[in-house]
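Down below is the structure, laid out as structure tokens.
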Amino acid sequence: MGAVNCYVVRTGRDVVLIDPGWSSEVARTALDRHLVNLGLTYRAIDLILVTHHHYDHFSQAVDLRAQFDIPIAVGHGEQHSLRASLGEGSGYHAQNERLRRWGAVDLAEEAAAYRSTEREGSLPTGLADRWIEEGAIIGGIRALASPGHTRGHITFVLDEPRVAFTGDHLLTHIVSGTGIERVPAEFPVREQLASLRRTARDLEGYALAPAHGWVEPDVADRSVEVIAHHERRIAELREAVHAAGSCTALQIAESRTWTRRSLRFAEVGLLRRVAAISEIGMHLDELVARGELARISSARGFVYRAA
Ligand SMILES: [Zn+2]
Numbered sequence: 437m438g439a440v441n442c443y444v445v446r447t448g449r450d451v452v453l454i455d456p457g458w459s460s461e462v463a464r465t466a467l468d469r470h471l472v473n474l475g476l477t478y479r480a481i482d483l484i485l486v487t488h489h490h491y492d493h494f495s496q497a498v499d500l501r502a503q504f505d506i507p508i509a510v511g512h513g514e515q516h517s518l519r520a521s522l523g524e525g526s527g528y529h530a531q532n533e534r535l536r537r538w539g540a541v542d543l544a545e546e547a548a549a550y551r552s553t554e555r556e557g558s559l560p561t562g563l564a565d566r567w568i569e570e571g572a573i574i575g576g577i578r579a580l581a582s583p584g585h586t587r588g589h590i591t592f593v594l595d596e597p598r599v600a601f602t603g604d605h606l607l608t609h610i611v612s613g614t615g616i617e618r619v620p621a622e623f624p625v626r627e628q629l630a631s632l633r634r635t636a637r638d639l640e641g642y643a644l645a646p647a648h649g650w651v652e653p654d655v656a657d658r659s660v661e662v663i664a665h666h667e668r669r670i671a672e673l674r675e676a677v678h679a680a681g682s683c684t685a686l687q688i689a690e691s692r693t694w695t696r697r698s699l700r701f702a703e704v705g706l707l708r709r710v711a712a713i714s715e716i717g718m719h720l721d722e723l724v725a726r727g728e729l730a731r732i733s734s735a736r737g738f739v740y741r742a743a
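If you use this note's numbering, the sequence shown corresponds to residues 437 to 743, in order.
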């Protein structure tokens, strides 16, 4: 995820910056240049809205606040992640514990060692000046809670003209990941699907302005496509468990080949393996939440079988 789309919105008397990207010279130079093109200076900006706490969206906001005293607003549900990023929380223990529960014990060890040296630790972080609640109007923009990608993710909605700034809730070129945070919800796919159904229902005819990729004409159309993607994954995994009789998430991952080079699971890079196990595990757990699979604790993690 290199580039992040930053949006400048003028609403009545307020000038608002949405998702100013990550703290880097390249991103800052690009933002400086575009503000000049718009005839604006940083002093004209009243507020920074950030869709979620990920550092490629949030860290430059921290720099701008330090330099120009512009307040930052983030969804209320991002508090635990931002506090954890300041060392006030549990680090990635919960994520590593989930990998263990999905049968990937060795991977959890490897991830624990990696995460203690990750790049994120060197980027500026902090807390919000305002924690946004669902339905709030802030800087003239409506906040629509869209948990799933992270628990506190907010989609910012402008009603005139009709535009939704969807952050990473809804992207145009890829399906965004689910539960990417230190302490995810118990059933994050459930939350993601509920958010997608909501944007499909409530934002028909709203332009889709995502944080990565391009702008598209309709949030609802893309929401329906992404819901279908998740439902296909859920159906495939239901089939895989039925075919195996019983299995762990790790066993499903190991039964497949990965990447265009058809690598064995163990040959794939660490972050890709973590993402793959998490994606499989979260979708299996969604089947458990729906009562379609049973999940039994064992020494090698959760074993899934037909309910
Ligand atoms: Zn993100």
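Heads up, the beta-carbon is just placed ideally off N, CA and C, and yes, glycines get one too.
A residue is called buried once 16 or more other Cβ atoms fall within 10 Å of its Cβ, and Asp492 is buried on that count. Relative to ligand 1, even the nearest heavy atom lies 6 Å or more away from the CB of Asp638. The beta carbons of His488 and Gly613 sit no closer together than 7 Å. Sequence-distant Cβ neighbours of Val655 in its own chain, meaning closer than 6 Å and more than five residues away, are Ala600, Thr635, Leu639, Tyr642 and Leu644. The beta-carbon separation of Arg618 and Ala530, rounded to 6 Å, stays under the 8 Å limit for a contact. A check of alpha carbon separations from Asp482 across Gly737, Arg697 and Pro507 identifies Pro507 as the nearest. One thing to note: Arg709 has its Cβ no nearer than 7 Å to the Cβ of Leu535. Taking non-hydrogen atoms of ligand 1 into account, the C-beta of Asp604 is found less than 6 Å away from one of them. Excluding five sequence positions before and after Gln687, the CB atoms of its chain that fall closer than 8 Å to its own CB belong to Gly539 and Ala680, given in chain order. In the DSSP assignment, the residues bridged to Tyr443 are Ile454. Taking a 10 Å sphere around the C-beta of Thr695, we find fewer than 16 other C-beta atoms and assign the residue as exposed. Per DSSP, Asp604 lies in no beta strand (DSSP E) and is assigned neither H nor E.
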